[in-house]
Amino acid sequence: MEHLELFFKAIFIDNMVFATFLGMCSYLAVSKKVSTAVGLGAAVIFVMAITVPLNWLLDKYILQEGALSWLGEEYAVYDLSFLSFIMFIATIATMVQLVEIIVEKFSPALYNSLGIFLPLIAVNCAILGGSLFMQSREIQTLGLAFNYGVSSGIGWFLAILAIAAIREKIRYSNVPGPLRGLGITFIITGLMAIGFMSFGGMLTGGDEEVAKEETASIETNVKVDEPILEEETIKVIDSVSVEELEIKEE
Amino acid sequence: MGLLSKKDLKLITDPLADNNPITIQVLGICSALAITAELKASIVMSIAVLFVLGVGNVVISLMRNVIPPKIRIIVQLIVVATLVIIVDLVLKAFAYELSKTLSVFVGLIITNCIIMGRFEAFALANGPWKSFLDGIGNSLGYAAILIIVGFFRELLGSGTLLGIKVLGDPIEKTGVYAYGYENNGFMLLAPMALITVGIIIWVQRSRNEALIEDN
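Sequence lines, in order, name chains L and P. Numbering-wise, the first sequence is residues 1 to 250 according to the working numbering. Numbering-wise, the second sequence is residues 251 to 465 according to the working numbering.
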């Protein structure tokens, strides 16, 4: 259940492109044709499935506060989390290079379809963003980290596939001159992001029913249900996006 | 201009308008949009990018003859990551609240395409002084878009600028709120950042026909 929830949350609610704007550069640059978009999207899923669990291990056993305690008692006081940027990006860059070499050696067919995109991926914000969100959301187990990597990758894949398909069609439409190309893509992405916001209710719908049952069972004590609802809304808002939080503050 | 020759000046002014990194070169959009709901965050982000790109361009340009081409991406990433860690630690020390708002987006300066893009396109082929000017120019162009977007989103979304209530108080109904004006909360949501940038592109390109793409 936990896995399923994380899976849908990462694909639809916290979609890399539409909720957090990660990987926008390659999203805009490589979405002119569906076939190339599919290639890049597949490469992103592949690399995220490898780097997110790897960075989870790094975070868990080297970077976190007290993570070095497996070396011995006296190492437990170290907190190396300030090094996480450099560690994560070094892991990603080396992994991408390594994957490129391995794929080239063992599967030339796959290399031909993925190959040219791999160097692009080292600087794709979605990959580093996946690792950083994995760290800041405190994902608990290696399995969940792998799940998070794959599902965020799938979310990104869906986004680039959708925009590439729309851009192929829009070529036949009469777009106002100054909006042609980049401008209309931005506006379409904005509209798609509004559409994706509606997925925000997907997981919380179930939660609300549980909350109602709870309040029904403790009907006698009216004061109890207020904090529960408050907690629910916080949870809901937390799950939608960082942007939502600011509204809550307002 | 004594210090800057005409060519040097062009390096700074070009990216501000006709070769803007965001609207024309399509670089650095990733971290640009997510933090523009407030003007203050946009300004801090711009300063951070200014520092990283200015210093990074100089460092890469000084090292350009010793970096083996095959591993240059890793070298570039390490240089940027080091600079970003400095920015992150400074922010955490002097502006903790703000560093919470920016959250992972400070870290994402590393993969901000604008930085890698300028390293690849400019610093690897030019001397330190020119690269420095190019870095400053491009980050100013980036800053311009960020600040315009941040300005409109904060003004229309929460009726404030830098946290000061410029349009009056929405609860006590002073200023324009007395005439029935309401804040447009939609501007604070993520999608409006994209649409705002889309409109900026529209305005810019309709003023300069040469920039129009032919699909």
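In this text, a Cβ means the ideal position worked out from N, Cα and C, and glycines have one as well.
Checklist entry - What separation, rounded to the nearest whole angstrom, lies between the Cα atoms of G357 (chain P) and C280 (chain P)? => result G357 (chain P) and C280 (chain P) have their C-alpha atoms spaced approximately 12 angstroms apart.
Checklist entry - Does DSSP put K33 (chain L) in a helix, a strand or coil? => result DSSP places K33 (chain L) in the coil class of the three-state scheme, outside both helix and strand.
Checklist entry - Near K290 (chain P), which residues of its chain fall below 6 angstroms by C-beta distance, leaving aside the five closest residues on each side in sequence? => result Take K290 (chain P), set aside five residues on each side of it, and the residues of its chain with a beta-carbon closer than 6 angstroms to its own are L412, in chain order.
Item to check | Contacts of A90 (chain L) in chain P (Cβ-Cβ under 9 angstroms) | outcome: Near A90 (chain L) (Cβ distances below 9 angstroms), the residues of chain P are I324, L327, I328, A331.
Next on the checklist: Applying the 10 Å Cβ sphere with the 16-neighbour rule, what's the burial state of M295 (chain P)?
Outcome noted: Buried, by the Cβ-count rule.
Item to check | Per-residue DSSP class, three states only, for K9 (chain L) | outcome: DSSP places K9 (chain L) in helix when its eight states are reduced to three.
Next on the checklist: Between G413 (chain P) and chain L, is the shortest Cβ-Cβ distance under 8 angstroms, so that the two count as touching?
Outcome noted: With 8 angstroms as the cut-off, G413 (chain P) does not count as an interface residue toward chain L.
Item to check | DSSP three-state assignment for T141 (chain L), whether helix, strand or coil | outcome: Looking at T141 (chain L) - three-state DSSP - the assignment turns out to be coil, as it is neither helix nor strand.
Checklist entry - Given that L406 (chain P) touches chain L, what residues does it touch there, using C-beta distances under 9 angstroms? => result The premise fails here: L406 (chain P) is roughly 13 angstroms from chain L at the closest Cβ pair, so nothing lies under 9 angstroms.
Item to check | Within-8 angstroms CB hit, E219 (chain L) to chain P | outcome: Since pLDDT at E219 (chain L) reaches only 41, below the 50 mark, its modelled position is unreliable, and no value is offered.
Item to check | N474 (chain P) classed as buried or exposed, judged by whether at least 16 other C-beta atoms fall within 10 angstroms | outcome: A question about residue 474 (chain P) goes unanswered here, because the residues of chain P that appear run from 251 up to 465.
Checklist entry - For I297 (chain P), which three-state DSSP category applies? => result In this structure, I297 (chain P) counts as helix in the three-state DSSP scheme.
Checklist entry - Helix, strand or coil: which one does DSSP assign to L405 (chain P)? => result Here L405 (chain P) sits in helix by DSSP.
Checklist entry - Considering only C-alpha positions, which residue in the set L:H3, L:I102, L:M1, L:V30 is nearest to W156 (chain L)? => result The candidate whose alpha carbon is nearest that of W156 (chain L) is L:V30.
Checklist entry - Roughly how far, in whole angstroms, is the beta-carbon of I187 (chain L) from the beta-carbon of G448 (chain P), given that I think they are within contact range, below 8 angstroms? => result Confirmed, about 4 angstroms.
Checklist entry - Does DSSP classify I414 (chain P) as helix, strand or coil? => result In this structure, I414 (chain P) counts as strand in the three-state DSSP scheme.
Item to check | Between the CA atoms of K60 (chain L) and I228 (chain L) - distance to the nearest angstrom | outcome: In this predicted model, I228 (chain L) has a pLDDT of only 42, less than 50, meaning its place in the structure is not dependable enough to derive any value.
Next on the checklist: For S151 (chain L) and F46 (chain L), which I take to be in contact (beta-carbon distance under 8 angstroms), what is that distance rounded to the nearest angstrom?
Outcome noted: S151 (chain L) to F46 (chain L), Cβ: 14 angstroms. No contact.
Checklist entry - When the Cα of M134 (chain L) is compared with those of L:A145, L:L40, L:C125, which residue comes out closest? => result Answer by Cα proximity: L:A145.
Checklist entry - Hey, A298 (chain P) and I359 (chain P) are a contact pair by Cβ (cut 8 angstroms); roughly how many whole angstroms apart? => result Contact annotation, A298 (chain P) with I359 (chain P): C-beta distance approximately 6 angstroms; criterion of less than 8 angstroms satisfied.
Item to check | CB contact check: S353 (chain P) to chain L, cutoff 8 angstroms | outcome: It does: the Cβ of S353 (chain P) has a partner Cβ on chain L nearer than 8 angstroms.
Item to check | Positions along the segment 16-43 of chain L whose CB lies within less than 9 angstroms of some CB in chain P | outcome: From the segment 16-43 of chain L, only F18, A19, T20, F21, L22, G23, M24, C25, S26, Y27, L28, A29 have a Cβ closer than 9 angstroms to chain P.
Checklist entry - Would I154 (chain L) count as contacting chain P if we go by Cβ distances under 8 angstroms? => result Among the residues facing chain P, I154 (chain L) is not included, as its CB has no counterpart in that chain under 8 angstroms away.
Item to check | Assigned secondary structure, L71 (chain L) (DSSP; H/G/I helix, E/B strand, else coil) | outcome: L71 (chain L): helix per DSSP, three-state reduction.
Item to check | Contact under 8 angstroms by Cβ, Y427 (chain P) with G418 (chain P) | outcome: A distance below 8 angstroms separates the beta carbons of Y427 (chain P) and G418 (chain P).
Checklist entry - What whole-angstrom Cβ distance do L303 (chain P) and G385 (chain P) have, given they're in contact under 8 angstroms? => result L303 (chain P) to G385 (chain P), Cβ: 4 angstroms. Contact.
Checklist entry - Quick one: which chain L residues come within Cβ less than 9 angstroms of G430 (chain P)? => result None at all; the shortest Cβ gap to chain L is about 19 angstroms.
Checklist entry - At least one CB of chain P closer than 8 angstroms to the CB of I45 (chain L): is that the case? => result It does not: the Cβ of I45 (chain L) has no partner Cβ on chain P nearer than 8 angstroms.
Item to check | Cα-Cα separation between N15 (chain L) and F355 (chain P), rounded to whole angstroms | outcome: Their backbone Cα atoms lie some 16 angstroms apart in a straight line.
Item to check | Spatially closest choice to P53 (chain L) from L:S35, L:S131, L:E73, L:E104, by CA coordinates | outcome: It is L:S131.
Item to check | Sufficient close CB pairs (3 or more, under 8 angstroms) joining the segment 88-98 of chain L to the segment 324-333 of chain P | outcome: At 8 angstroms Cβ cutoff, the stretches touch.
Checklist entry - Taking DSSP as the reference, what is the three-state secondary structure of A76 (chain L)? => result Note: A76 (chain L) maps to coil in three-state DSSP.
Next on the checklist: I'd like the list of long-range same chain contacts for S84 (chain L), defined as Cβ closer than 6 angstroms, with 5 residues on each side in sequence excluded.
Outcome noted: The residues are L63.
Next on the checklist: Let me check understanding here. Comparing Cα to Cα, which of P:I323, P:T361, P:V337, P:T263 lies closest to L22 (chain L)?
Outcome noted: Comparing Cα positions, the closest option is P:T361.
Checklist entry - chain P beta carbons: is any one of them nearer than 8 angstroms to that of N124 (chain L)? => result Yes, its Cβ sits closer than 8 angstroms to a Cβ of chain P.
Checklist entry - Which residues, in chain order, does the segment 173-184 of chain L contribute to contact with chain P at a C-beta distance below 9 angstroms? => result Taking 9 angstroms as the Cβ-Cβ cut-off against chain P, the residues of the segment 173-184 of chain L that qualify are V175, P176, G177, P178, L179, R180, G181, L182, G183, I184.
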